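Single-structure report; data block below.
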Amino acid sequence: MTITYTWWKDATVYQIWPASYKDSNGDGLGDIPGVISTLDYLKSLGVDVIWISPMYDSPQDDMGYDISDYQNVYPAYGDMKDMTNLIEGAHSRGMKLILDLVINHTSSKHKWFLESKSSKTNPKRDWYTWKPAKYDANGNRQPPNNWGSHFSGSAWTWDEETQEYYLHLFAESQPDLNWENEVTRNAIYDEALKFWFDLGVDGFRIDTAALYSKDTRFLDAPILLADQPFQQPGKFSQNGPRIHEFHKEMFSKVTSKYDVMTVGEVATCSREAALEYVSASSGEMNMIFMFDVVDIGTIKHDRFRYGGWTLSEFKKAVETECEFIEGTDAWSTVFIENHDMPRSVTRFGSAKHLYKSAKLLSMLQTSLTGTLFIYQGQEIAMQNLPPSWSIDEYKDILTINYYEEFKQIHAGEADYEEKEKVLFENIARTARDHARSPVQWDDSVNAGFSTVKPWTKVNDDYKTTNIASQLSDPNSVLNFWRKSLKLRKEYKDLFIYGSFKILDMEHPNLFTFIKYSQNEDSKPQAYVVLNMSNDDMKFEKLVEGDFKLISSNVSDDVLVEEILTPYEGRIYIVD
Ligand code: TEU
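Under my numbering, the first residue of the sequence shown carries the number 74, and numbering increases by one thereafter.
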């Protein structure tokens, strides 16, 4: 297979969550000028593409994933001039900028929805999904089906005025656009995509890219969680009947006209289903996020039940993500953190060996196949919020709604306190809030994020874990990431484009794999060995050849070749 190299395959992408990144004007909330002030930092880290999570005008019920105007900026983040400055600032440093494309739904405050809601005969009525009520045996009004919203409760909300329900897979204030309507689709393409491409934006991370096409029979979903009043719509809303037609249309009408990248958020699905979205010949998206790795430890259909994980499961998930493009014309991504996930070092590393395990995870990430995505704060080993924090510190709609519903369901039960304790433990492991605390820039008050009290609390560890101290320490996690990102580029045929093979699938503590070029025979190879345990492990060479160490997270003077200390990792080139 001949490799096609492109800038977006080579790229290291850095995700910015604007609310928590950097506050430039002392209102406690991050903003676009704050991002601009750090462009040199990002460049020096080795970032090629910056991805800004939603910065559009929005009531902020879901942190901007509820957009009320695609062509304006949330005033607290800045204005259109700031956006053009940001685009220019990135471009002048040789970096690109991509935005979040949230087009499964709008905010209920978007003018399209306000019109749609105004009457049954409004020309935009059909831009969203409206259905009449159902009535049960007792004559009580019920939603059209049992679909649950991802944010708890029914996926349908009743509108008193026009006496119909509208569909929202997420919050009540995030009505789903009706993609069946071609006029709606064209308006989306013009307002949400073309407008920004014409301003110089270099692509999009496409939110909920598998959800646009619903099964229009709107049947009841199978009951997977008997103790919950509503069920996830699953296959009735994911990878639906017309989803590929819609992506092909968006690509041919708009995206293909520009030199841009697209990366879709598509939850875990089969290899065949994934390839349909990202085969170059499909003409849909360049790549998608596969969720195999980040889904580890979570229980399907219930975000707040924690299942634990084993190293074998972890390896299997990495393998699935790395291998799914083998022998195809498709492309893949590498990521272990984003704004919806707890912190990777808390999940897969070790609090005891914090920085060493963060470096080990950096070795893993920078040696895997696909476009690499790093989330703000990951480069300094930002951790989950402390388990001791009260539930009041959690601000995410997903967490809050879940807890409210939990209280409604279980209030008054004899073992309520016990159940609530388990829920709090799970929230401390799995909530999206863990990724959303302010970036720790230095050890000054508010971690240098803001001059005033931030909108959400700074993590307790900011005095020890922060960017300023790591910039000045040659052995910091931050400087380790810098070196690793350089190595990834230097050996890009192995790391970015290479094939992947695990050598010790069943080993409970070690994760050993090779990366080899698709261009040549089997040599040279990259040989990666990671001790993901708290015990010393014996180091054995599982392939023949000359081993040259190119990366280690242990200083030279203490490295003992035959022993891998806890969370020690090594990368060799084998010839
Ligand atoms: O997330 C889509 C999604 O499916 C989420 O519900 C995800 O399953 C959840 O966060 C648990 O992992 C996207 C965005 O990434 C998320 O931040 C938004 O809240 C959501 O869409 C709605 O726009």
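Glycine included, every Cβ here is placed at the ideal spot set by N, Cα and C.
As the structure is a prediction and not an experimental result, all values here were calculated from the model.
Heavy atom of the ligand TEU within 7 Å of residue i beta-carbon
{"i": "leucine 118", "result": "no"}
{"i": "valine 336", "result": "no"}
{"i": "valine 86", "result": "no"}
{"i": "tyrosine 138", "result": "yes"}
{"i": "arginine 376", "result": "yes"}
{"i": "histidine 241", "result": "no"}
{"i": "leucine 501", "result": "The question names leucine, but residue 501 in the sequence shown is alanine. Outside the cutoff, so no."}
{"i": "asparagine 412", "result": "Reading off the sequence, residue 412 comes out as histidine, not asparagine. It does: the Cβ of histidine 412 is within 7 Å (strictly closer) of some heavy atom of the ligand TEU."}
{"i": "threonine 179", "result": "no"}
{"i": "alanine 340", "result": "yes"}
{"i": "aspartate 280", "result": "yes"}
{"i": "valine 418", "result": "no"}
{"i": "leucine 471", "result": "yes"}
{"i": "valine 175", "result": "yes"}
{"i": "histidine 507", "result": "no"}
{"i": "histidine 183", "result": "no"}
{"i": "aspartate 135", "result": "yes"}
{"i": "histidine 223", "result": "yes"}
Residues that DSSP places opposite residue i in a beta bridge
{"i": "aspartate 232", "result": "Glu237"}
{"i": "methionine 323", "result": "Bridge partners of methionine 323: none, in fact."}
{"i": "proline 124", "result": "As written in the sequence, residue 124 is tryptophan, which differs from the proline given in the question. For tryptophan 124, which the question treats as bridged, DSSP gives the partners Gln88, Ile171."}
{"i": "leucine 622", "result": "Tyr645"}
{"i": "alanine 599", "result": "Lys588, Ile646"}
{"i": "alanine 403", "result": "Ser352"}
{"i": "threonine 79", "result": "DSSP output for threonine 79 lists no bridge partner at all."}
{"i": "tryptophan 257", "result": "The residue you asked about is not tryptophan; residue 257 is threonine in the sequence shown. DSSP, once it has assigned bridges, lists no residue as partnering threonine 257."}
{"i": "valine 146", "result": "Tyr129"}
{"i": "aspartate 375", "result": "Ile372"}
{"i": "glutamate 498", "result": "The partner list for glutamate 498 (beta bridge, DSSP) is empty, contrary to what the question assumes."}
{"i": "valine 418", "result": "Beta-bridge pairing links valine 418 to no other residue."}
{"i": "aspartate 249", "result": "His178"}
Pairwise C-alpha distance: residue j and residue i
{"i": "lysine 559", "j": "threonine 328", "result": "30 Å"}
{"i": "leucine 250", "j": "phenylalanine 309", "result": "16 Å"}
{"i": "asparagine 650", "j": "threonine 537", "result": "Summary: the structure shown does not reach residue 650, with the chain confined to residues 74 through 648, and so no result is reported for it."}
{"i": "aspartate 271", "j": "glycine 422", "result": "42 Å"}
{"i": "lysine 621", "j": "aspartate 173", "result": "41 Å"}
{"i": "glutamate 490", "j": "serine 227", "result": "26 Å"}
{"i": "serine 191", "j": "lysine 116", "result": "48 Å"}
{"i": "asparagine 607", "j": "serine 549", "result": "21 Å"}
{"i": "valine 366", "j": "tyrosine 114", "result": "28 Å"}
{"i": "glutamate 357", "j": "lysine 287", "result": "18 Å"}
{"i": "lysine 267", "j": "isoleucine 644", "result": "43 Å"}
{"i": "tyrosine 476", "j": "alanine 299", "result": "18 Å"}
{"i": "glycine 337", "j": "aspartate 280", "result": "6 Å"}
{"i": "lysine 611", "j": "tyrosine 78", "result": "38 Å"}
{"i": "glutamate 600", "j": "leucine 583", "result": "Looking at the sequence itself, residue 600 is tyrosine, so the reference to glutamate does not match. Rounded to the nearest angstrom, the two C-alpha atoms are 13 Å apart."}
{"i": "isoleucine 105", "j": "leucine 242", "result": "29 Å"}
{"i": "asparagine 359", "j": "lysine 321", "result": "12 Å"}
{"i": "tyrosine 239", "j": "leucine 292", "result": "15 Å"}
{"i": "glutamate 264", "j": "serine 355", "result": "24 Å"}
{"i": "glutamate 486", "j": "arginine 214", "result": "28 Å"}
{"i": "glycine 212", "j": "isoleucine 473", "result": "32 Å"}
{"i": "glutamate 394", "j": "methionine 363", "result": "6 Å"}
{"i": "leucine 170", "j": "isoleucine 636", "result": "43 Å"}
{"i": "serine 542", "j": "alanine 163", "result": "25 Å"}
Residue i at chain C interface by Cβ criterion, 8 Å
{"i": "alanine 520", "result": "Absence of chain C from the displayed structure is noted, only one protein chain being present."}
Can you find at least 3 beta carbon pairs, one from the stretch 525–532 and one from the stretch 397–409, that sit closer than 8 Å?
Here the stretch 525–532 makes no contact with the stretch 397–409; the two share fewer than three CB pairs at distances below 8 Å.
Between the stretch 459–479 and the stretch 424–444, can you find at least three pairs of beta-carbon atoms closer than 8 Å?
Flag = no, the stretch 424–444 and the stretch 459–479 do not touch.
Given 8 Å, three or more beta-carbon pairs between the stretch 497–511 and the stretch 374–381:
The stretch 497–511, when compared against the stretch 374–381, does touch it at the 8 Å Cβ threshold.
Check whether the stretch 348–358 touches the stretch 389–405, counting contact only when three or more Cβ pairs, one atom from each stretch, lie closer than 8 Å.
Because the criterion of three Cβ pairs below 8 Å is met, the stretch 348–358 and the stretch 389–405 touch.
Pairs of beta-carbons, one from the stretch 529–544 and one from the stretch 501–515, closer than 8 Å: are there three or more?
The answer is yes - the stretch 501–515 touches the stretch 529–544, with three or more Cβ pairs under 8 Å.
Counting Cβ pairs closer than 8 Å, one from the stretch 420–438 and one from the stretch 623–638, do we hit at least three?
In short, these stretches touch, since the Cβ pair count reaches three.
Is the stretch 147–166 in contact with the stretch 200–212, if contact means three or more CB pairs nearer than 8 Å?
Cβ pair count under 8 Å is below three, so no.
Is the stretch 123–130 touching the stretch 562–573, taking contact as three or more C-beta pairs under 8 Å?
The stretch 123–130 vs the stretch 562–573: no contact.
Does the pairing of the stretch 291–308 with the stretch 212–219 give three or more beta-carbon distances under 8 Å?
Between the stretch 291–308 and the stretch 212–219 there are three or more C-beta pairs closer than 8 Å, enough to call the two in contact.
Any contact between the stretch 167–185 and the stretch 239–246? By contact I mean 3 or more CB pairs, one from each, below 8 Å.
Note that the stretch 167–185 touches the stretch 239–246; at least 3 beta-carbon pairs, one per stretch, sit closer than 8 Å.
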